[in-house]
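Chains as they are written, first to last, in the numbering used here: chain A, 1 to 387; chain D, 388 to 471.
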């Protein structure tokens, strides 16, 4: 796989990485052969700073986790010299071992070669050499409250608790956020030396502050009961954050510290449960979600078997259904890394399903076309510009 | 040492390689010196054998990285395949 110059959709799957690239009109797409066929790839990401460097977070059967790197747009790959790995446990310490790297984020635009990674068990890692070697971000990973803030490695989501949605403020590389499933949103203003929870206003399975704190337990700001599925910061105004949470859709405008549930404005029969949220890079008020069924035993498929995205163009005050071109009956599940937008005008919006279908819209969601099908289970979709 | 198929990408597709060490642990470090990264795919950062990766020394399965080795001992590494 060697990516050509221009737009690419990098599709990470349970069985390897695929790439789709379009013609000039984005109407015909060409699917590459897979790389790392048979490897579990949780996230493959192109570095926007050079448009050529790719990192892929891999786990392979029963073998230990690693990170693969390419500096020539996917033509050749090498393995990280030192992938994320915890220190050997000291006396009395609980041993931790990385199960897999789940999330990759290129560092600040001014810091070439810097990357961040989130793993299961939940931990944050940094690299200063393009992903070749990884260091523990000890301000979080070794904090005395680590075990209070995070979820037990044996519990949590089916594939283990994860650290995800690593966000670097474009105005200040020392200002970052990430999400813990479960555990909530954390923020640092000192480049990771210290972290504070940012969970006010969020409902949990135990209590909903918007309902006057109703729930079986008292609301507490720290703990694995929070479950942000996906957090995005708006590039136009880095004081605006959107979040698709296990319990609803939220917005936060800093310096405020209390999330507002904008998912309450979704149709009641659809609800506001889901995994991803994608933002319009040129419109602060526009974002997309992919609602999933959160009733009964939480099937987390398209509600009623009627697949659709919902878009807001007013910051969450109202939502519009977008399903033109999507199948009339479909029980899609779209995971948290599986929705992405390109930077083109009009904006392209893309999503991948656990059933191995990749869908795209080049008119901001008004109409949809299936770009690929019969792929392995899709874990991540990243729209990127190859240099 | 006999290398399982999923790790042959590290050894230039050679399924038999030589390494030195007076314990299994030392042998795996020497293997990693020759083929960087291969040890971490089998042994985690707490020096535990990863589940479903098994080691045979002189024909007997061992769970002990401190297992002693003698000249010309054969070490077989097997990796289970499971799941769809």
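Glycine is no exception: its CB is placed at the ideal position from the N, C-alpha and C atoms.
Q.
Among the candidates 239(A), 31(A), 149(A) and 132(A), whose CA atom is the shortest distance from the CA of residue 172(A)?
A. Against the first chain, residue 172(A) aligns to sequence position 172. Nearest option by C-alpha distance: 239(A).
Q | Any alpha helix (DSSP H) of 4 or more consecutive residues that is wholly inside the stretch 129-204 of chain A | A | 138-141 and 146-149
(Q) Could you check whether the Cβ of residue 413(D) sits closer than 8 angstroms to any Cβ belonging to chain A? (A) The sequence position of residue 413(D) within the second chain is 26, counting from 1. Not one chain A Cβ lies under 8 angstroms of residue 413(D).
Q: Answer yes or no: does any C-beta atom of chain D fall closer than 8 angstroms to that of residue 88(A)?
A: Reading the first chain from its first residue, position 88 is the one you call residue 88(A). Taking Cβ atoms only, chain D reaches closer than 8 angstroms to residue 88(A), which makes this a yes.
Q) With distances taken from CA atoms, which of 235(A), 300(A), 118(A) and 176(A) is nearest residue 245(A)? A) Within the first chain, numbered from 1, the residue matching residue 245(A) stands at position 245. Measuring from the Cα of residue 245(A), the nearest candidate turns out to be 300(A).
Q | Interface residues of the stretch 431-447 of chain D facing chain E [CB-CB below 8 angstroms] | A | Of the protein chains in the structure, A and D, none is chain E.
(Q) For the stretch 50-81 of chain A, list every residue whose C-beta sits within 9 angstroms of some C-beta in chain D, in sequence order. (A) 60, 61, 62, 63, 64, 65, 66, 79, 80 and 81
Q. If you draw a straight line from the alpha carbon of residue 190(A) to that of residue 48(A), how long is it in whole angstroms?
A. Mapped onto the first chain, residue 190(A) falls at position 190. Mapped onto the first chain, residue 48(A) falls at position 48. Distance between the alpha carbons of residue 190(A) and residue 48(A) is about 24 angstroms.
Q. Which word fits residue 30(A), buried or exposed, when buried means at least 16 other C-beta atoms lie within 10 angstroms of its C-beta?
A. Position 30 of the first chain holds residue 30(A). Exposed, by the Cβ-count rule.
Q: Check each candidate in 297(A), 281(A), 283(A) and 277(A) and name the one with the smallest Cα separation from residue 291(A).
A: Here residue 291(A) refers to the residue found at position 291 of the first chain. Ranking 297(A), 281(A), 283(A) and 277(A) by Cα distance to residue 291(A) puts 277(A) first.
Q | Distance CB(residue 166(A))-CB(residue 116(A)) smaller than 8 angstroms | A | The residue given as residue 166(A) occupies position 166 in the first chain. The residue given as residue 116(A) occupies position 116 in the first chain. The answer is yes: Cβ separation under 8 angstroms.
(Q) Report the start-end ranges of each beta strand (DSSP E) in the stretch 416-440 of chain D that is 3 residues or longer and not cut off at the edges. (A) none
Q: Ignore the nearest five residues each way along the sequence and tell me which others in residue 406(D)'s own chain have a CB closer than 6 angstroms to its CB.
A: Position 19 of the second chain holds residue 406(D). Answer for residue 406(D): 388, 414, 417 and 418, listed in chain order.
Q.
Between residue 97(A) and chain D, is the shortest Cβ-Cβ distance under 8 angstroms, so that the two count as touching?
A. Reading the first chain from its first residue, position 97 is the one you call residue 97(A). Cβ-Cβ to chain D under 8 angstroms: yes for residue 97(A).
Q: Would you list, in chain order, the members of the stretch 413-427 of chain D that have their beta-carbon closer than 8 angstroms to a beta-carbon of chain A?
A: 423, 424 and 427
Q: Enumerate in chain order the residues of its own chain whose CB-to-CB distance from residue 346(A) is below 8 angstroms, with the five nearest sequence positions on each side excluded.
A: Position 346 of the first chain holds residue 346(A). Counting only Cβ-Cβ distances below 8 angstroms, and skipping sequence neighbours, we find 362, 363 and 364.
Q. Is it true that the CB of residue 315(A) sits closer than 8 angstroms to the CB of residue 251(A)?
A. Sequence index remark: in the first chain, residue 251(A) carries index 251 (1-based). Sequence index remark: in the first chain, residue 315(A) carries index 315 (1-based). Yes.
Q | Segment limits, beta strand (DSSP E) that includes residue 359(A) | A | Counting from one through the first chain, the residue named residue 359(A) turns up at place 359. Taken as a continuous stretch (DSSP letters only), the beta strand (DSSP E) holding residue 359(A) covers 358-361.
Q. Residues of chain D with CB under 8 angstroms from residue 121(A), in chain order?
A. For the purposes of this step, residue 121(A) is taken as the residue at position 121 of the first chain. Correct list: empty, because the minimum Cβ distance to chain D is about 12 angstroms.
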